[in-house]
Amino acid sequence: MMIATWNVNSLKVRLPQVLEWLAHYQPDVLCLQETKTEDVNFQLAELTAAGYQCAFSGQKTYNGVAILSKQPLQEISYGIPGCVDTQKRVLAATVNGVRIVNVYVPNGQSVDSDKYQYKLGWLKELTAWLEVELKTYPNLALLGDYNIAPEARDVHDPKAWEGQVLFSEPERAAFQALLNLGLQDSFRLFEQPEKMFSWWDYRMHAFRRNMGLRIDHILLSAALASACKAAHIDKEARKAERPSDHAPVITELNLKV
DNA sequence: ATGGCGCGCGCAGCGCGA
15 MMIATWNVNS
25 LKVRLPQVLE
35 WLAHYQPDVL
45 CLQETKTEDV
55 NFQLAELTAA
65 GYQCAFSGQK
75 TYNGVAILSK
85 QPLQEISYGI
95 PGCVDTQKRV
105 LAATVNGVRI
115 VNVYVPNGQS
125 VDSDKYQYKL
135 GWLKELTAWL
145 EVELKTYPNL
155 ALLGDYNIAP
165 EARDVHDPKA
175 WEGQVLFSEP
185 ERAAFQALLN
195 LGLQDSFRLF
205 EQPEKMFSWW
215 DYRMHAFRRN
225 MGLRIDHILL
235 SAALASACKA
245 AHIDKEARKA
255 ERPSDHAPVI
265 TELNLKV
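Following this line, the structure appears as structure tokens:
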């Protein structure tokens, strides 16, 4: 079973790339973030024709998440239960007995902003919910754009980024709190090349200079981690014409689909 | 990372992302 996550930065613009990517990789599940598309405009026909069932939760201009799956999507749930949030950032579904949780964590803007406080509070709500969710679903994968680089090796220039949003200590502690639930970072289950990132700024020729951060992650519950056989980041997608600023992240599980 | 780009909205230029 291959599962993947990709912040597409507008599904409308990136749909051709998503279709091409699906055709090439044939993942079982692809989680999308920043679709920036209201549900009424979601490109369901094109994705269905490509062989994928879709669950989606979007809004105009900002945010928006979707789960694409070859197998039926069951028990679809929207948002964090009991958490009032007008921003469409969370979508969960069960596929082939695996609980897929797709998140678009708030960016936080800067450490002295209200948005940063919203981000930390939001992560706390997410963690509390997942603690419960893991009891119901021992096979759980948390995929998405976390907007957190967990370690220095996930940052092209850790000195410059120290204390900055995406790499500040409280954000990294929030990431650690997710790991403390028993989740494991699938990317780090395997030996990886150095300086592997999932996001590069559009500016400053950041991609060409590999000035990136690893902020998109696939965390796995213990049961899934023990079935994990590969994990990688598809940098190739970032080389496309009109690319998203994020690259897809992929994990392969030893599970029958 | 002082900004530089790309996106949505909407028709100019701004807010936002990361």
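Numbering (the working numbering), first residue to last: 15 to 271. Positions of the beta carbon are idealized from the N, C-alpha and C atoms, including for glycine.
Run through DSSP, which three-state label would residue i get?
i	result
S212	coil
A163	coil
V27	helix
G65	coil
V146	helix
G226	strand
V108	For the record, residue 108 in the displayed sequence is Thr; it is not Val. Three-state DSSP puts T108 in a strand.
K243	strand
N153	coil
Q178	coil
G122	coil
R186	helix
R256	coil
E139	helix
H219	coil
Q131	helix
L33	helix
K270	coil
L193	helix
E60	helix
Give me the DSSP bridge partner(s) of residue i.
i	result
D53	Paired residue(s): none; D53 is not in a bridge.
F70	A80
A18	L44, I264
G158	V117, H231
D199	L233
Y92	L105
V169	L227
Tell me, to the nearest whole angstrom, how far the beta carbon of residue i is from that of residue j; I am working on the premise that it is less than 8 Å.
i	j	result
F204	L227	Not a contact, Cβ separation roughly 20 Å.
L234	M15	Not quite, the Cβ-Cβ distance comes to about 12 Å (not below 8 Å), so this is no contact.
G158	N224	Their Cβ separation, rounded to whole angstroms, is 23 Å, which puts G158 and N224 out of contact at 8 Å.
P164	F189	5 Å
L105	A142	With 8 Å as the limit, L105 and A142 do not qualify as a contact, their Cβ atoms being about 18 Å apart.
V271	T19	Contact doesn't hold; Cβ gap of about 18 Å is too wide.
L154	L238	7 Å
A64	A37	7 Å
Whose CA, out of the options, lies closest to the CA of residue i?
i	options	result
A254	A236, Q67, V22	V22
R28	K138, D42, Q57	Q57
R222	A241, C242, R252, A237	R252
H170	Y39, W214, G93	W214
H231	E34, K129, V271, N161	N161
I229	T141, D128, K173, A166	A166
H260	Y92, Y118, K129, V54	Y118
C45	T265, Q101, L269	T265
Y39	R217, C97, I247	I247
E139	S127, K173, A191	A191
L156	A236, K102, G135	A236
R202	P41, A174, S240	S240
K133	V32, E60, Q101	Q101
N55	P41, G96, G78, P257	G78
Contact between the segment 79–92 and the segment 103–117: three or more CB pairs below 8 Å?
-> yes
Contact between the segment 147–158 and the segment 185–197 (3+ Cβ pairs under 8 Å) | These segments touch.
Assess, as a yes-or-no matter, whether the segment 115–122 is touched by the segment 176–195 under the definition of 3 or more beta carbon pairs within less than 8 Å.
-> yes
Can you find at least 3 beta carbon pairs, one from the segment 69–77 and one from the segment 35–54, that sit closer than 8 Å?
-> yes
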